[in-house]
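Chemist:
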Amino acid sequence: MSPITTVSFASLHFTPSYRAKVMLNLGYLSIAFALFLSAYFLLLSDHRYLFSYLTIALLWLWGEYLLCEWWRRYQVIMSQQGVLIISMDQSICWQGYFGTIIEVRFRSRWGYLLKIELLECTQGWLWLDPSMTTDEQYRTLALWLNQHYR
Numbered sequence: 019m020s021p022i023t024t025v026s027f028a029s030l031h032f033t034p035s036y037r038a039k040v041m042l043n044l045g046y047l048s049i050a051f052a053l054f055l056s057a058y059f060l061l062l063s064d065h066r067y068l069f070s071y072l073t074i075a076l077l078w079l080w081g082e083y084l085l086c087e088w089w090r091r092y093q094v095i096m097s098q099q100g101v102l103i104i105s106m107d108q109s110i111c112w113q114g115y116f117g118t119i120i121e122v123r124f125r126s127r128w129g130y131l132l133k134i135e136l137l138e139c140t141q142g143w144l145w146l147d148p149s150m151t152t153d154e155q156y157r158t159l160a161l162w163l164n165q166h167y168r
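Be aware that the sequence shown starts at 19, since it is given in my numbering, and climbs by one per residue.
#1: Where does the unbroken alpha helix (DSSP H) through residue 165 begin, and where does it stop?
#2: Candidates 161, 59 and 92: which alpha carbon is nearest residue 72's?
#3: Under 9 Å, do residue 167 and residue 121 count as touching if we go by C-beta distance?
#4: Under a three-way DSSP split, which group does residue 114 fall into?
#5: Buried or exposed: where does residue 50 fall if 16 or more other Cβ atoms within 10 Å of its Cβ makes it buried?
#6: Do you know how far the Cα of residue 117 is from the Cα of residue 162?
#7: Tell me whether residue 114 is buried or exposed, calling it buried when 16 or more other Cβ atoms sit within 10 Å of its Cβ.
#8: Between the Cα of residue 76 and those of 94, 56 and 89, spot the shortest distance and give me the residue it belongs to.
#9: Assuming residue 88 and residue 42 are in contact, meaning their beta carbons sit under 8 Å apart, how far apart are those beta carbons, in whole angstroms?
#10: Excluding the 5 residues flanking residue 10 on each side, which residues of the same chain have their C-beta closer than 7 Å to its C-beta?
#11: Rounded to a whole number of angstroms, what is the C-alpha to C-alpha distance between residue 112 and residue 101?
#12: By alpha-carbon positions, which one of 46, 164 and 61 ends up nearest to residue 123?
#13: Can you tell me the Cα-Cα spacing of residue 46 and residue 61, whole angstroms?
#14: Rounded to a whole number of angstroms, what is the C-alpha to C-alpha distance between residue 78 and residue 94?
#15: For residue 81, I'd like the list of residues in its chain whose CB is within less than 6 Å of its CB, leaving aside the five on either flank, ordered along the chain.
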């Protein structure tokens with residue numbers, strides 16, 4: 019396999035889903051609301067609001083859960099990044115897996131989306147980010163992809 023180019027950054031395509039955005043925002047809002055309520059009830063200094071203290075604790079725990087779940091998903095996505103090697107015979111090597119490119123979607127400013135099929139895995143979209151490569155690498159990659167997949 020003679021490589022024509024190596025892309026120093028390639029990751030599985032991820033666009034934050036609506037659910038992930040809502041989860042992150044609700045986590046921040048619930049923690050902020052819990053802090054607001056705790057400051058409010060501490061200023062009142064009245065122990066009649068035991069239910070309110072329980073509500074504050076539950077809001078805080080729920081907010082932490084949402085933020086931790088969002089962070090866990092983010093870490094899974096970041097662990098899927100790696101170096102992509104494309105060879106002249108249109109085969110690829112990504113994270114030690116060998117496969118082929120099935121389809122290419124061109125994104126002029128944002129890089130390329132490659133639909134790949136790896137031997138050990140299933141099909142998936144791979145996002146190539148041009149900002150993480152040198153200009154020469156990106157020009158070589160763009161020229162090669164335009165010649166073979168336009």
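Beta carbons are placed, not taken as given, at the ideal position from N, Cα and C, and that holds for glycine.
Quick caveat: nothing in here was measured; it's all calculated off a predicted structure.
Modeler: The structure says:
#1: 153-167
#2: 59
#3: yes
#4: coil
#5: exposed
#6: 17 Å
#7: exposed
#8: 56
#9: 5 Å
#10: Outside the shown range of the chain (19 to 168) lies residue 10, about which nothing can therefore be said.
#11: 6 Å
#12: 164
#13: 23 Å
#14: 25 Å
#15: 45, 48 and 49
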